[in-house]
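**Q** Residue numbers (numbering that gives the first Met the number 0): 0 to 498.
Below is a structure I'd like to ask you about.
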Amino acid sequence: MRTIDHHIVGGAAGAAARTGEVFDPNSGQVQARVALGTTADLDRAVAAAQAAQPAWAATNPQRRARVMFRFKELVEANMEELARTLSSEHGKVIADAKGDIQRGLEVIEFACGIPHVLKGEYTHGAGPGIDVYSMRTPIGIGAGITPFNFPAMIPMWMFGVAIACGNAFILKPSERDPSVPVRLAELMREAGLPEGVLQVVHGDKEMVDAILDHPAIGAISFVGSSDIAHYVYRRGVDAGKRVQAMGGAKNHGIVMPDADLDQVVADLSGAAFGSAGERCMALPVVVPVGEKTADALREKLIPAIAALRVGVSTDAEAHYGPVVNAAHKQRVESWIQTGVDEGAELVVDGRGFTLQGHEQGFFIGPTLFDRVTTDMSAYREEIFGPVLQIVRAPDFETAVRLPSEHQYGNGVAIFTRNGHAAREFAARVNVGMVGINVPIPVPVAYHTFGGWKRSAFGDTNQHGMEGVKFWTRVKTVTQRWPDGGTGEGANAFVIPTMG
Ligand code: NAD
Numbered sequence: 000m001r002t003i004d005h006h007i008v009g010g011a012a013g014a015a016a017r018t019g020e021v022f023d024p025n026s027g028q029v030q031a032r033v034a035l036g037t038t039a040d041l042d043r044a045v046a047a048a049q050a051a052q053p054a055w056a057a058t059n060p061q062r063r064a065r066v067m068f069r070f071k072e073l074v075e076a077n078m079e080e081l082a083r084t085l086s087s088e089h090g091k092v093i094a095d096a097k098g099d100i101q102r103g104l105e106v107i108e109f110a111c112g113i114p115h116v117l118k119g120e121y122t123h124g125a126g127p128g129i130d131v132y133s134m135r136t137p138i139g140i141g142a143g144i145t146p147f148n149f150p151a152m153i154p155m156w157m158f159g160v161a162i163a164c165g166n167a168f169i170l171k172p173s174e175r176d177p178s179v180p181v182r183l184a185e186l187m188r189e190a191g192l193p194e195g196v197l198q199v200v201h202g203d204k205e206m207v208d209a210i211l212d213h214p215a216i217g218a219i220s221f222v223g224s225s226d227i228a229h230y231v232y233r234r235g236v237d238a239g240k241r242v243q244a245m246g247g248a249k250n251h252g253i254v255m256p257d258a259d260l261d262q263v264v265a266d267l268s269g270a271a272f273g274s275a276g277e278r279c280m281a282l283p284v285v286v287p288v289g290e291k292t293a294d295a296l297r298e299k300l301i302p303a304i305a306a307l308r309v310g311v312s313t314d315a316e317a318h319y320g321p322v323v324n325a326a327h328k329q330r331v332e333s334w335i336q337t338g339v340d341e342g343a344e345l346v347v348d349g350r351g352f353t354l355q356g357h358e359q360g361f362f363i364g365p366t367l368f369d370r371v372t373t374d375m376s377a378y379r380e381e382i383f384g385p386v387l388q389i390v391r392a393p394d395f396e397t398a399v400r401l402p403s404e405h406q407y408g409n410g411v412a413i414f415t416r417n418g419h420a421a422r423e424f425a426a427r428v429n430v431g432m433v434g435i436n437v438p439i440p441v442p443v444a445y446h447t448f449g450g451w452k453r454s455a456f457g458d459t460n461q462h463g464m465e466g467v468k469f470w471t472r473v474k475t476v477t478q479r480w481p482d483g484g485t486g487e488g489a490n491a492f493v494i495p496t497m498g
C-alpha cells in the first residue's frame with residue numbers, strides 16, 4: 000500500500016511508528032496510509048525552515064512574487080491531476096475539486112502583488128529634521144493547520160500570503176486528504192521556491208501539539224472545528240505566539256416573502272447539498288419569513304431535492320459525492336436521528352442511501368427537516384452534511400435575531416427584492432460574512448475571509464490585507480541625521496530632561 004510521506008528537507012526523522020488511513024470515499028476502501036509525525040519530525044522541518052528563511056526574507060519582494068506567478072502557471076497546468084487526486088481522497092465531485100483549487104489560486108494571484116502591499120508608511124518631517132517610517136517584516140516561521148474540507152484552497156490561503164511576505168511555512172494538512180497539499184509543496188519547489196521555505200508535516204493531535212509548543216514557530220493559522228480552534232488558540236497564545244483560529248459554522252439563509260422562490264431553491268440546492276454539505280460556508284438552515292413563504296418554499300424544495308443526483312465523485316452529472324469517511328457518515332446520520340428525536344419534522348430522509356456498485360461508499364442522500372426550533376441541539380450544532388433545516392420565522396425581526404444569537408457567526412444570506420430590508424439586515428446581523436441574494440458569500444481573495452463568535456478566535460481574517468497583517472510585524476523607525484553644526488532642524492532637536 001502507498002504511504003504518503005512528509006515533505007521535509009532531508010526526509011523524516013525515521014520511519015513513521017504510526018500511520019493513518021486515507022480512504023477512497025467512493026468505494027469505502029483504504030487507498031493509502033499517511034505518516035503521522037512526531038516532535039522529532041517537526042524539529043527537522045523547523046531546522047530546515049530556520050536555515051532557509053533569512054535568505055528568503057532578503058530576496059526582494061518582486062522576486063518572491065515571481066515564484067508565485069510561476070506556481071500559478073504550474074497549478075493551472077496540473078489542474079486535472081490535482082482535481083482528480085483531491086476528489087479521490089475528499090469525495091467532492093471533480094468540478095467542485097477544481098473550484099477548491101481555483102479559489103486557492105486566487106489568493107496566489109493576490110500574493111503576486113505583494114511588492115505593492117508590503118510598501119510601508121513614511122512621514123517626512125515628523126519633528127525638526129526627523130522622519131518616521133515603518134516596514135512590514137516577516138514573522139520568521141509560520142505554521143498552518145488545515146481541515147479536510149478544502150485541502151487545496153485553505154493551505155493556499157495561508158502559505159500564499161505567508162511565503163510572499165518572506166516567511167518560511169510549515170503546513171500540517173488534514174490527515175484525511177493529505178496528497179494535494181504535498182503536491183502543492185512540490186509545485187512550489189518547481190516554481191523556484193528555495194528548499195525549506197515550504198514544508199509539509201503530517202499528523203494528528205501529537206503533531207499539532209508539537210507545533211503549538213515549538214518555540215521557533217512565531218505564528219499559527221488554524222482552520223477546523225470550533226472546539227479544536229479554541230484549544231489551538233488558547234495553547235498557542237499561551238506559548239506567546241500570534242494565532243488566528245477559524246472554527247465551525249451554521250449559516251442561515253433568510254427568505255423574505257418577496258423573494259424569487261425559484262431562484263432561492265436553485266441556490267439552496269447548491270449551497271445546502273453541494274460538496275455533501277461539507278463546506279463551512281454551506282447554507283444548512285433556511286429561514287422563511289411568514290407561514291405562506293414557508294409552505295411555498297417547502298413545496299418547491301421537495302421536487303428539487305428529489306432531482307439531486309448523488310454519485311461517485313468522478314461522475315460528471317452528479318451534484319455531489321460521498322462524505323469523507325465512515326465516521327463522518329455515521330456522525331451525520333446520528334444528527335438526523337437526533338433531529339427526529341427532538342421533534343423536528345423529517346420531510347426527506349437521506350439515511351440508508353446506497354449507490355449500486357458502490358455499496359460500501361460513504362454516501363448520504365439529501366435530507367430535509369421542517370419545523371426545526373432553536374431549542375434543538377440539531378439546530379444549535381454543526382452537522383456538516385447534506386441536511387437542510389427549515390426554521391420558520393414569523394417576521395423580519397425574528398429572522399435577524401436567529402443567526403445573530405446563534406453560537407456560530409461565519410456566513411449568512413438574505414434573499415429579497417427589497418433593498419431597504421437587505422441593507423438593514425446586513426447592518427444589524429451579528430455575523431462576519433453576509434450575502435444579499437448570494438447564498439455562499441465567500442469574499443474574493445483581495446478582501447478577507449473570517450467569521451464572528453465561535454466561528455473564529457483571534458482578531459485577523461484570512462488573506463487580503465488582513466492576511467498580510469497576520470504574517471508580518473510592523474517595525475517603526477524614527478530617524479534624524481544631525482550634521483554636527485548648529486541651527487535649525489536635526490541639529491536643534493533636544494531630548495527634554497525631567498526637572
Ligand atoms: P477538525 O477540527 O477535525 O480538524 C482540523 C485540523 O485539526 C486537522 O488538521 C486535524 O488534524 C487537527 N485536529 C483534529 N483533532 C485535533 C485535536 N484533538 N487536537 C489538535 N488538533 C486536532 O476539522 P475537520 O473535520 O477537518 O474540518 C471540518 C471543520 O472545519 C468544520 O467544523 C468546518 O466548519 C470547519 N471549517 C471552518 C472554516 C472557516 O473558515 N471557518 C473553513 C473550513 C472548515
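All residues carry an ideal CB built from backbone N, CA and C; glycine is no exception.
Just so we're clear, the structure is a prediction, and the values are computed from it rather than from any experiment.
1. Rounded to the nearest angstrom, what separates His229 and Gly143 at their Cα positions?
2. Pairing CB atoms from the stretch 415-425 with CB atoms from the stretch 334-347, are three or more of them under 8 Å?
3. Quick check on the DSSP output: the alpha helix (DSSP H) that includes Asp40 runs from which residue to which?
4. Cβ of Tyr230 within 7 Å of any heavy atom in the ligand NAD?
5. Compare the C-alpha of Phe492 against each of Ile113, Gly126, Asp40 and Phe70 and name the closest.
6. Leaving out the 5 sequence neighbours to the left and right, which residues in its chain are closer than 6 Å to Ala455 when beta-carbon positions are compared?
7. Output the distance between the C-alpha atoms of Val199 and Asp458, rounded to the nearest integer angstrom.
8. Is Met155 a contact residue of the ligand NAD, with contact defined as CB to any heavy atom under 7 Å?
9. For the alpha helix (DSSP H) containing Met375, list its first residue and its last residue.
10. I need the straight-line Cα distance from Thr38 to Leu211, nearest angstrom please.
11. Bridge partners of Leu387, per DSSP?
12. Across the stretch 249-264 and the stretch 66-77, are there enough close Cβ pairs to call them in contact, namely three or more that are closer than 8 Å?
13. Verify the contact flag: Asn409, CB atom, against every heavy atom of the ligand NAD, threshold strictly below 7 Å.
14. May I have the straight-line CA-CA distance separating Glu277 from Gly159, to the nearest angstrom?
15. Identify every run of the beta strand (DSSP E) within the stretch 229-305, keeping only runs that are complete inside it and at least 3 residues long; order them along the chain.
16. Would you say the beta carbon of Asn148 is closer than 7 Å to some non-hydrogen atom of the ligand NAD?
17. So Lys474 is in the beta strand (DSSP E); what residue range does that whole segment cover?
18. By alpha-carbon positions, which one of Pro24, Gln28 and Ala11 ends up nearest to Met0?
19. Report the CB separation of Leu117 from Cys164 in whole angstroms; it is logged as a contact under 8 Å.
20. Determine the extent of the beta strand (DSSP E) in which Arg499 is found, giving its start and end residues.
21. Under 8 Å between the Cβ atoms of Val331 and Pro24?
22. Under a three-way DSSP split, which group does Pro214 fall into?
23. Cα separation between Ala151 and Ser178?
**A** The relevant details are as follows:
1. 15 Å
2. no
3. Segment Thr38 to Ala57, the alpha helix (DSSP H) holding Asp40.
4. yes
5. Considering only alpha carbons, the answer is Gly126.
6. Met245 and Gly449
7. 26 Å
8. Relative to the ligand NAD, the beta carbon of Met155 is positioned no closer than 7 Å to any heavy atom.
9. Unbroken run through Met375: none, as it is neither H nor E.
10. 11 Å
11. Leu367
12. no
13. yes
14. 23 Å
15. 241-245, 251-254 and 284-287
16. yes
17. Thr471 to Arg479
18. Gln28
19. 7 Å
20. Residue 499 cannot be examined here, being either before or after the span of the chain that is shown, 0 to 498.
21. Cβ distance not < 8 Å, so Val331 and Pro24 don't count as in contact.
22. Shown here, Pro214 sits in coil according to DSSP, grouped into three states, outside any helix or strand.
23. 10 Å
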